[in-house]
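First up is the structure itself, then whatever we jot down about it.
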Amino acid sequence: MQDAHSHSAISQSPVWQALQEQAAQLKRRRLADLFAGDPQRASDFSLELPQFLLDFSKNHIDRSVFVNLLRLAEEAGLDQWRADLFAGEPINVTEGRPVLHPALRGGLAEDLEIGGVSVTGGVEAELQRLKELVVLLHNGALTGCSGKRITDVVNLGVGGSHLGPQTAIEALRAYRKGDVAVHFVSNVDGAQLTDVLVGLDAESTLFIVSSKTFTTSETMTNARSALKWLQRAAPDEAVEVLLQRHFVGVTASPEKAQQFGILPERTYRFWDWVGGRYSLWSVIGLPIAIACGFENFRALLDGAADMDHHFREAPFAQNAPVIMALLSVWYCTFMGYPAHAVLPYDQALHMLPAYLQQADMESNGKSTNRAGVEVDYATGPLIWGQTGINGQHAFYQYLHQSPEVVPADFIGSVTAGHDLEGHHEILLANMFAQSQALMNGVDAESVGRELAAKGLSQEEIKRLTPFKVHRGGKPSNTILLKELDPRSLGGLIALYEHKIFVQGVILQIYSFDQWGVELGKGLASKLEPKLAAADLADEDDSTAQLIEYYRRNKCG
Ligand code: F6P
18 MQDAHSHSAI SQSPVWQALQ EQAAQLKRRR LADLFAGDPQ RASDFSLELP
68 QFLLDFSKNH IDRSVFVNLL RLAEEAGLDQ WRADLFAGEP INVTEGRPVL
118 HPALRGGLAE DLEIGGVSVT GGVEAELQRL KELVVLLHNG ALTGCSGKRI
168 TDVVNLGVGG SHLGPQTAIE ALRAYRKGDV AVHFVSNVDG AQLTDVLVGL
218 DAESTLFIVS SKTFTTSETM TNARSALKWL QRAAPDEAVE VLLQRHFVGV
268 TASPEKAQQF GILPERTYRF WDWVGGRYSL WSVIGLPIAI ACGFENFRAL
318 LDGAADMDHH FREAPFAQNA PVIMALLSVW YCTFMGYPAH AVLPYDQALH
368 MLPAYLQQAD MESNGKSTNR AGVEVDYATG PLIWGQTGIN GQHAFYQYLH
418 QSPEVVPADF IGSVTAGHDL EGHHEILLAN MFAQSQALMN GVDAESVGRE
468 LAAKGLSQEE IKRLTPFKVH RGGKPSNTIL LKELDPRSLG GLIALYEHKI
518 FVQGVILQIY SFDQWGVELG KGLASKLEPK LAAADLADED DSTAQLIEYY
568 RRNKCG
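Numbers 18 to 573, taken from my numbering, label the letters of the sequence shown in order.
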């Protein structure tokens with residue numbers, strides 16, 4: 018494994034310095050000129066994999082920058098870090114754990130043992146148990162206390178225990194199987210649980226308590242309220258029986274699920290070597306298997322394993338996650354563009370920006386390097402976005418004409434996920450047009466010609482031109498899937514996972530812990546009892562004032 022103590026600051030390396038100089042030069046070069054000077058640019062700065070085309074030609078790089086970025090990956094020891102990831106080395110150093118989500122989808126080159134137990138064997142055994150549960154549910158053989166068939170499943174989980182499953186289910190709308198409805202409650206705001214429960218029959222509802230730790234206060238609060246809802250509907254039923262018949266646990270702490278009252282045979286486990294935000298491939302994916310069928314869940318895993326194989330084997334220059342990571346580092350760290358937009362032109366991928374926000378920002382939103390020293394450069398970007406067409410009528414104005422540059426990923430599919438005539442062509446034409454417009458912009462001369470053609474006077478043209486000029490030069494990647502299906506979705510998500518890992522390696526930060534999230538959690542549990550009463554002398558004036566206002570105005 019990499020020795021954390023043999024750290025040498027990458028920002029002092031010659032290739033880093035060279036890239037800094039190139040960043041200043043490339044900022045001044047027009048993207049259109051980069052194309053004009055290099056006829057092979059579009060094809061050479063693209064990568065075709067079995068499931069998709071990645072076109073990264075609309076970026077502020079030339080061949081020399083690309084070579085230096087690849088050298089940066091070598092300088093960062095990416096080869097060794099990648100080998101360590103797949104070998105199960107404890108690369109999550111601050112938590113002392115391996116990072117083995119590829120093992121959940123058959124993505125390792127060979128099996129590993131942890132504590133003398135086969136990793137792949139354990140994964141497969143748990144997947145088989147999951148499959149059996151899905152079959153029971155789909156056959157109508159799983160019943161609640163009253164003997165009624167389970168028709169509705171509510172996933173109670175937050176962060177990685179929610180976003181992955183719901184993102185995948187939304188993306189795979191066209192692949193739904195069975196007639197069990199799946200619902201999600203992630204927010205501790207009781208409004209969400211209330212809304213979901215309104216339409217449900219307690220006798221035919223099953224709750225999945227989905228939590229790696231089984232201690233997350235939001236999820237456990239929702240689980241306890243769900244139990245109370247069941248009790249209200251069946252006051253004569255013993256609590257133990259309600260828990261046994263209406264709850265399933267999905268967790269890396271099975272003993273805690275059982276302490277809560279969930280049966281061991283209804284507890285599905287994963288392992289502490291799976292990060293929460295990388296866990297959708299584990300039994301955390303149970304809602305996906307229920308909504309889309311186990312075979313489609315398996316195809317999702319297979320697609321991710323394809324990407325693991327690609328990431329493990331392809332040379333850096335033809336390695337999609339490596340290239341996307343290098344571009345991200347190039348923009349955020351060298352060019353000083355702190356944000357990155359994710360713009361799916363596919364309604365089914367509407368949750369992808371939210372999913373990637375957690376995956377990326379919880380991983381690389383850090384400022385301490387592996388030597389424990391504050392970094393002197395920007396690390397991971399702010400990730401944001403939404404479906405493209407809606408975004409076009411919301412924030413694209415900013416993308417086109419604000420002085421800021423926000424690199425973007427456009428994501429779409431060749432094949433439509435529906436059969437309505439004409440829609441898909443309009444959608445894709447918009448996607449292609451937007452990346453083109455962002456790249457090329459419109460100069461004053463073209464604006465003048467356009468206005469003159471409309472018959473405007475010279476005076477009017479002069480007045481309007483500055484407002485209609487688009488500077489252009491806004492970079493983007495386009496990922497064009499052949500089709501959005503379980504396999505390509507698995508590959509797409511795994512592409513981003515590995516990209517995030519590579520960024521962390523290059524930036525010399527640890528991507529697999531999340532201490533920043535822990536701080537707020539601790540403070541919330543300390544403040545919660547203070548909302549009712551207690552002395553606020555220990556609190557800062559602003560927080561004390563907010564709590565006092567709350568106490569004064571709280572009804573009842
Ligand atoms: O948001 C912080 C976090 O720790 C995530 O990493 C995790 O996915 C989420 O909380 C939920 O945690 P758990 O699955 O343990 O309930």
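Beta carbons: idealized from backbone N, C-alpha and C, even for Gly.
Query, Result
"List the endpoints of the continuous alpha helix (DSSP H) containing Phe-52.", "48–53"
"Between the alpha carbons of Arg-99 and Ile-279, how many angstroms are there, rounded?", "38 Å"
"Considering only their Cβ atoms, is the gap separating Gly-181 from Ala-321 smaller than 9 Å?", "no"
"Is it true that the segment 235–242 meets the segment 205–214, where meeting means three or more beta-carbon pairs spaced less than 8 Å apart?", "yes"
"Using a Cβ-Cβ cut-off of 6 Å (strictly less than) and excluding sequence neighbours within five positions of Ser-380, which residues of its own chain qualify?", "Ile-517, Ser-528"
"Whole-angstrom Cβ separation of Leu-498 and Ser-430, contact assumed at under 8 Å?", "4 Å"
"Using a Cβ-Cβ cutoff of less than 7 Å, which residues in the same chain neighbour Lys-75 once the five nearest sequence positions on both sides are dropped?", "Leu-48, Ser-452, Met-456, Pro-492, Ser-493"
"Skipping 5 residues on each side, what residues in its chain have a beta carbon closer than 6 Å to that of Ala-561?", "Leu-553"
"Exposed or buried, which one is Gly-132 when buried takes at least 16 other CB atoms within 10 Å?", "exposed"
"Enumerate in chain order the residues of its own chain whose CB-to-CB distance from Asp-641 is below 7 Å, with the five nearest sequence positions on each side excluded.", "Nothing about residue 641 can be read from this structure; the chain reaches only from 18 to 573."
"Looking at C-beta atoms only, is the number of pairs between the segment 185–199 and the segment 305–325 that lie closer than 8 Å three or more?", "yes"
"Check Arg-45 in the structure and name its three-state DSSP category.", "coil"
"Expressed to the nearest angstrom, what Euclidean distance is found between the alpha-carbon atoms of Val-84 and Pro-31?", "14 Å"
"If you draw a straight line from the alpha carbon of Val-267 to that of Asp-363, how long is it in whole angstroms?", "30 Å"
"Under the criterion of a Cβ to heavy atom distance below 8 Å, does Lys-383 qualify as lining the ligand F6P?", "no"
"Comparing alpha-carbon positions, which option in Phe-73, Leu-129, Thr-482, Ile-301 lies nearest Arg-146?", "Ile-301"
"Check for me: the beta strand (DSSP E) holding Tyr-527 runs from which residue to which?", "Careful: Tyr-527 lies outside any beta strand (DSSP E) and carries neither H nor E."
"Per DSSP, His-118 is paired with what?", "Answer is none; His-118 lacks a bridge partner."
"Short of 6 Å in beta carbon distance, which residues of its chain neighbour Val-459, apart from the five on each side in sequence? Order them along the chain.", "His-487"
"Given this structure, state the Cα-to-Cα distance separating Asn-109 from His-118, to the nearest angstrom.", "12 Å"
"If you draw a straight line from the C-alpha of Glu-421 to the C-alpha of Gly-521, how long is it?", "24 Å"
"Given Asp-72, which residues of its chain have a CB within under 6 Å of its CB, disregarding the five upstream and five downstream residues?", "Ser-63, Thr-495"
"Within this structure, are the beta carbons of Gly-402 and Ala-425 separated by less than 9 Å?", "yes"
"Residues bridged to Gly-266 by DSSP?", "Val-226, Thr-284"
"Taking a contact to mean a Cβ-Cβ separation below 9 Å, would you say Leu-66 touches Leu-343 in this structure?", "no"
"The ligand F6P and Phe-231: does the residue's C-beta get closer than 8 Å to at least one heavy atom of that ligand?", "yes"
"Let me check understanding here. Comparing Cα to Cα, which of Phe-277, Val-423, Glu-272 lies closest to Val-258?", "Phe-277"
"Helix, strand or coil for Ala-365, going by three-state DSSP, please let me know.", "helix"
"Between the segment 345–363 and the segment 402–415, do three or more beta carbon pairs fall short of 8 Å?", "yes"
"Whole angstroms are fine: how far does the CA of Glu-254 sit from the CA of Ser-345?", "56 Å"
"Return yes when the C-beta of Gly-174 is under 8 Å from any heavy atom of the ligand F6P, and no when it is not.", "yes"
"Looking at the secondary structure, which residues open and close the alpha helix (DSSP H) in which Ile-406 lies?", "405–409"
"Look up Ile-564 in the DSSP assignment and say whether it is helix, strand or coil.", "helix"
"Going by C-alpha to C-alpha distance, which of Gln-34, Leu-563, Gly-353, Phe-231 sits closest to His-77?", "Gly-353"
"Compute the minimum distance between the beta carbon of Arg-387 and the heavy atoms of the ligand F6P, and state whether it is under 8 Å.", "no"
"What distance in whole Å lies between the Cβ atoms of Ala-198 and Thr-168, which are believed to be in contact at a cut-off of 8 Å?", "7 Å"
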